[in-house]
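For the sequence shown, full-length UniProt numbering gives the first residue as 1, with consecutive numbering after it. Glycine included, every Cβ here is placed at the ideal spot set by N, Cα and C. Working notes, structure below.
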Amino acid sequence: MSIATKRNLPGARAAFTLVELLVVIAIIGVLVGLLLPAVQAAREAARRCSCSNNMAQIGLSAHNFEFSMEHMPSGSINPDGPIRNEPVGQHVGYLVQLCPYIEQQGVAEQFDISLGTYDPANAPARAVHINSFLCPSSPYYVNNDNTSGLTNYAGCHHHTEAPIDEDNTGLLFLNSHVGYGEITDGSSHTILVGEMLPSLDSLGWASGTRASLRNTGWLAGRSMSPDAEPSSIPPRQYGQPEQLPPEALNEDGEMKKDFVGGFDSLHNGGAHFCFADGSIRFISHSIEPQLYQNLGNRADGAMMGSY
Numbered sequence: 001m002s003i004a005t006k007r008n009l010p011g012a013r014a015a016f017t018l019v020e021l022l023v024v025i026a027i028i029g030v031l032v033g034l035l036l037p038a039v040q041a042a043r044e045a046a047r048r049c050s051c052s053n054n055m056a057q058i059g060l061s062a063h064n065f066e067f068s069m070e071h072m073p074s075g076s077i078n079p080d081g082p083i084r085n086e087p088v089g090q091h092v093g094y095l096v097q098l099c100p101y102i103e104q105q106g107v108a109e110q111f112d113i114s115l116g117t118y119d120p121a122n123a124p125a126r127a128v129h130i131n132s133f134l135c136p137s138s139p140y141y142v143n144n145d146n147t148s149g150l151t152n153y154a155g156c157h158h159h160t161e162a163p164i165d166e167d168n169t170g171l172l173f174l175n176s177h178v179g180y181g182e183i184t185d186g187s188s189h190t191i192l193v194g195e196m197l198p199s200l201d202s203l204g205w206a207s208g209t210r211a212s213l214r215n216t217g218w219l220a221g222r223s224m225s226p227d228a229e230p231s232s233i234p235p236r237q238y239g240q241p242e243q244l245p246p247e248a249l250n251e252d253g254e255m256k257k258d259f260v261g262g263f264d265s266l267h268n269g270g271a272h273f274c275f276a277d278g279s280i281r282f283i284s285h286s287i288e289p290q291l292y293q294n295l296g297n298r299a300d301g302a303m304m305g306s307y
């Protein structure tokens, strides 16, 4: 039998045609398109879990600090206020004070609090990026000039947008020594730490400025200033808006040095918050504005609804 005859036998099978190959590729593309969102969702769920665990470690370290010192750490240690967002002053942040309680004893030993955050002797410790201070969803871990490690976890210094000072109403503010007895609203109803989005010109995790402190006075698009009536503000997302309103800018159109800003995250729909009792909760962007503001005040006596 000739070779030509063998090729024409009924059982013989030719190679894939171009049309068949294109159909197979199309089917594979559809399957990948269906699976990719599920893979991305699984990865984000893992990142959210890791982020929550990081925040829980910070909350536990704050509890251990309070047990040892009989008060929470100061949001910022400085001779006077208000605190300005510039590398001038002592500005020792709350995370520096928590380092010995969060398995960062080596960093704590390198950091001389008496010299202040920006002293050259503290530069090596200040530049360290600490994984437990970073949200896994964040793409950045150091600032633009690589002089300071960043953090995504900010202490709550006040319930409205206001400079960081000694008269703030939160738990972590200038030279604060808040004990649990002073949290009259209840530790389960008062924010200790929340997620934030640091800028690349940030002064870093060690700095007790807006680099590690924020407030519950911001909704997307406007500030809840002390003169504003929260009940009159329509529900909007919290967090610092992309376009800052006039009250946050100086005459040159730049951000004011005493401006602080609010919490936010790269997670879809909201951000994690650690409360004074150590509990971690994911608060939706759609939280009622007055309730959100009340959570940033340790002693306003407000009744708390669901959130």
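For glutamine 104, the CB contacts under 7 Å within the same chain, skipping 5 residues up- and downstream, are Ile130 in chain order. At a Cβ-Cβ threshold of 8 Å, alanine 299 and glutamate 195 do not count as neighbours. The shortest CA-to-CA distance from serine 187 to any of Ala38, Leu197, Gly301 is the one to Gly301.
Excluding the 5 residues flanking it on each side, tyrosine 118 has same chain C-beta neighbours closer than 6 Å at Pro87, in chain order. Leu174 is the residue among Leu174, Leu34, His272 whose C-alpha sits nearest the C-alpha of valine 92.
Between isoleucine 83 and glycine 208, the CB-CB gap stays under 8 Å. In the DSSP assignment, valine 193 falls outside any alpha helix (DSSP H) and lies within the beta strand (DSSP E) extending over 191–195. In the same chain as phenylalanine 65, and ignoring 5 residues on each side of it, the C-beta atoms closer than 8 Å to its own belong to Met72, Pro73, Gln97, Leu98, Tyr101, in chain order. Counted as a single uninterrupted DSSP element, the beta strand (DSSP E) harbouring asparagine 215 occupies residues 213–215. According to the DSSP assignment, alanine 123 belongs to the alpha helix (DSSP H) that extends over 123–127. A check of alpha carbon separations from glycine 81 across Ala162, Asp252, Leu134 identifies Ala162 as the nearest.
Taking 8 Å as the cut-off, the beta carbon of asparagine 215 is found closer than this to the beta carbon of glycine 296. Here methionine 69 carries a helix assignment [DSSP, helix/strand/coil].
If you draw a straight line from the Cα of aspartate 165 to the Cα of methionine 255, it is about 18 Å long. Counting along the chain, glycine 155 sits inside the beta strand (DSSP E) bounded by residues 153–158.
For alanine 108, the enclosing alpha helix (DSSP H) starts and ends at 105–110. Listed in chain order, the non-local C-beta contacts of serine 61 below 8 Å within the same chain comprise Leu98, Tyr101, Ile102, local neighbours out to five positions each way being set aside. Counting only the Cα atoms, aspartate 167 lies some 18 Å from lysine 257.
In the three-state reduction of the DSSP assignment, isoleucine 83 falls in the strand class, which pools E and B. Distances from the alpha-carbon of isoleucine 58 to those of Leu266, Leu171, Leu95, Trp218 put Leu95 closest.
Ranked by how close their Cα comes to the Cα of threonine 169, the residues Asp277, Gly217, Pro136, Arg210 have Gly217 in first place. When secondary structure is reduced to three states using DSSP, alanine 271 falls in the strand class.
Assigned with DSSP and collapsed to three states, serine 137 falls in coil, not helix or strand. Rounded to the nearest whole angstrom, the C-alpha separation of serine 148 and arginine 126 is 5 Å. The residue from Ala26, Phe111, Val128, Arg47 with its alpha-carbon nearest to that of asparagine 268 is Arg47. Put simply, the backbone Cα of glutamine 293 is about 37 Å away from that of glycine 106.
Apart from sequence neighbours up to five positions away, the residues of its chain that approach leucine 197 with a beta-carbon distance below 6 Å are Asp264, ordered along the chain. Under the three-state reduction of DSSP, methionine 304 is assigned to coil, being neither helix nor strand.
Take alanine 108, set aside five residues on each side of it, and the residues of its chain with a beta-carbon closer than 7 Å to its own are Cys99, Pro100, in chain order.
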